[in-house]
Amino acid sequence: MSTSTTTDTAVHVEDTAAASPLLLTSSASIDAFCDALWLEHGLSRNTLDAYRRDLRLFCEWLAHVRNASLDTASEADLSAYSAARQKDKATSANRRLSVFRRYYAWAVREHRAAADPTLRIRSAKQPPRFPSTLSEVQVEALLGAPDIDTPLGLRDRTMLELMYASGLRVTELVTLKTVEVGLNEGVVRVTGKGSKERLVPFGEEAHAWIERYLREARPALLGPRAADALFVTTRAEGMTRQQFWNIIKRHAQAAGVHAPLSPHTLRHAFATHLLNHGADLRVVQLLLGHTDISTTQIYTHVARERLKSLHAQHHPRGCPRASHELA
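In terms of the numbering used here, the sequence shown opens at residue 96 and continues consecutively.
Below you can see the structure in the form of structure tokens.
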């Protein structure tokens, strides 16, 4: 299966009437690169679309401004392109550079490019970004917000419970199938990034909610219809990421939780609370499905800051004493 047919959002330069030979050459290279990524690494459609978009914008700039193609671009071309987009945030610039590095490593290996122009390009400096999370009290308030006497409320409560209990990514949660839930074993089989499978335990509390949802809410939502998805809408369809994000926002507002939120808020809380209670970092890494432990280490800072805050709030010597006491 060619990934060049899997994207509806990317505009291919060969579709434009005025496409130059440089653009056509670059477009063919982008298609071949994305095909290779899909075949070798199983990257998701969203990731491949993002790669295409970054590379397409660069190759269009190269053709119109530098009279060059993607595979003949130089270090000077890359620097000039970065200067032309200097208003971009450091995170965007670094993401784009990461795409270029991956592309040129492939292009050199495939003898499409003579050299890698990214080798001496440095990433933009950016302050460390720490995931927003919730306290255990805030999580309890959020979990208790849905009206569990209704099918939709029971579904929402079960989704929130499972995400907090397992640390699943939003995409992993909304694409979960009923056959991937092992109630007897107490685990879910998840296909994560790069099509990598892992087994994730979810504990007794989430187990009870899943059983109740399967017994009461899911049949009511489906009616006579059938669906593979574990969590379904009133249309008997699987949920989208955006629908789940709306669920989190709605119930957080109802619960009076005004902390910064994201679709992965409960995943972040899962990791942080595990570390707060003494879990080993490598165990958390396995549960989250992180390939690199450095990705997981970001939560150690969040957990450490939370513990410092609790110490300052509750320990007799945690709060700053008045200046006259220190004199």
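A virtual CB, placed ideally from N, CA and C, is assigned to each residue, including glycine.
Tell me whether residue i sits in a helix, a strand or coil according to DSSP, three-state version.
i: A324; result: strand
i: K272; result: strand
i: P358; result: coil
i: E292; result: strand
i: R345; result: helix
i: T286; result: strand
i: G298; result: helix
i: T100; result: Confidence at T100 is low in this model, with a pLDDT of 38, below 50, so the placement of that residue should be treated as unreliable; the coordinate-derived value is given next. The answer is helix: DSSP assigns T100 an H, G or I state.
i: D375; result: coil
i: A105; result: Residue placement at A105 is flagged as unreliable, the pLDDT there being 37, under the threshold of 50; the coordinate-derived value follows with that caveat. Correct three-state label for A105: coil.
i: A315; result: helix
Kindly give me the distance between the Cβ atoms of residue i and residue j, rounded to whole angstroms, as I take these residues to be in contact under 8 Å.
i: L263; j: R362; result: 7 Å
i: L316; j: P241; result: Wrong, their Cβ atoms sit about 14 Å apart, outside the cutoff.
i: G351; j: A236; result: 7 Å
i: K272; j: D323; result: 5 Å
i: V269; j: M334; result: 5 Å
i: L278; j: E306; result: 7 Å
i: A312; j: R250; result: 5 Å
i: S124; j: A202; result: 7 Å
i: Y198; j: L134; result: Contact flag wrong, Cβ pair sits at about 15 Å.
i: A364; j: L255; result: Not really, about 11 Å apart at Cβ, beyond 8 Å.
Under a Cβ-count criterion, where at least 16 other Cβ atoms within 10 Å of its own Cβ denotes burial, should residue i be classed as buried or exposed?
i: P314; result: exposed
i: F239; result: Note that residue 239 is Gly in the sequence shown, not Phe. By the 10 Å Cβ count, G239 comes out exposed.
i: Q380; result: buried
i: T186; result: exposed
i: P116; result: exposed
i: A321; result: exposed
i: R207; result: buried
i: E299; result: exposed
i: S174; result: exposed
i: S218; result: exposed
i: T100; result: Bear in mind that the predicted position of T100 carries a pLDDT of just 38, short of 50, making it unreliable; the figure below should be weighed with that in mind. So T100 ends up on the exposed side.
i: R252; result: buried
i: L370; result: buried
i: V327; result: buried
i: L257; result: buried
i: T367; result: buried
i: A354; result: exposed
i: R377; result: exposed
i: V274; result: exposed
i: G289; result: exposed
i: V234; result: buried
i: G318; result: exposed
i: A303; result: exposed
i: D375; result: exposed
i: G87; result: Since the first residue shown for the chain is 96 and the last is 422, residue 87 is missing from the structure and cannot be characterised.
i: D166; result: buried
Do we get a CB-CB distance below 8 Å when we pair residue i with the residues of chain D?
i: K220; result: Of the chains in the structure shown, none is chain D; there is only one protein chain.
(request) Tell me, please, whether the region 273-286 touches the region 333-349 by the rule of three or more beta-carbon pairs shorter than 8 Å. (result) They do not touch, by the three-pair rule.
(request) May I ask you to verify whether the region 184-195 touches the region 141-156, counting CB pairs closer than 8 Å and requiring at least 3? (result) Yes, they touch.
(request) Determine, using beta-carbon pairs with one atom in the region 168-187 and one in the region 202-214, whether at least three such pairs fall under 8 Å. (result) Short answer: they touch.
(message) In chain order, what are the residue ranges of uninterrupted alpha helix (DSSP H) at least 4 long that sit wholly in the region 121-177?
(response) List check, alpha helix (DSSP H) in window: 140-156.
(request) Only counting runs of 4 or more residues, tell me where the alpha helix (DSSP H) segments fall wholly within the region 173-257, in order along the chain. (result) Fully contained in the region 173-257 are the following alpha helix (DSSP H) runs of length 4 or more, in chain order: 185-204 and 231-238.
(request) Would you check if there are 3 or more beta carbon pairs closer than 8 Å linking the region 357-374 to the region 247-266? (result) In this structure the region 357-374 lies against the region 247-266, because at least three pairs of beta carbons, one per stretch, are closer than 8 Å.
(message) Does the contact criterion of 3 or more C-beta pairs under 8 Å hold for the region 117-126 versus the region 150-165?
(response) Yes, the region 117-126 is in contact with the region 150-165.
(request) Would you check if there are 3 or more beta carbon pairs closer than 8 Å linking the region 250-262 to the region 294-302? (result) In short, these stretches touch, since the Cβ pair count reaches three.
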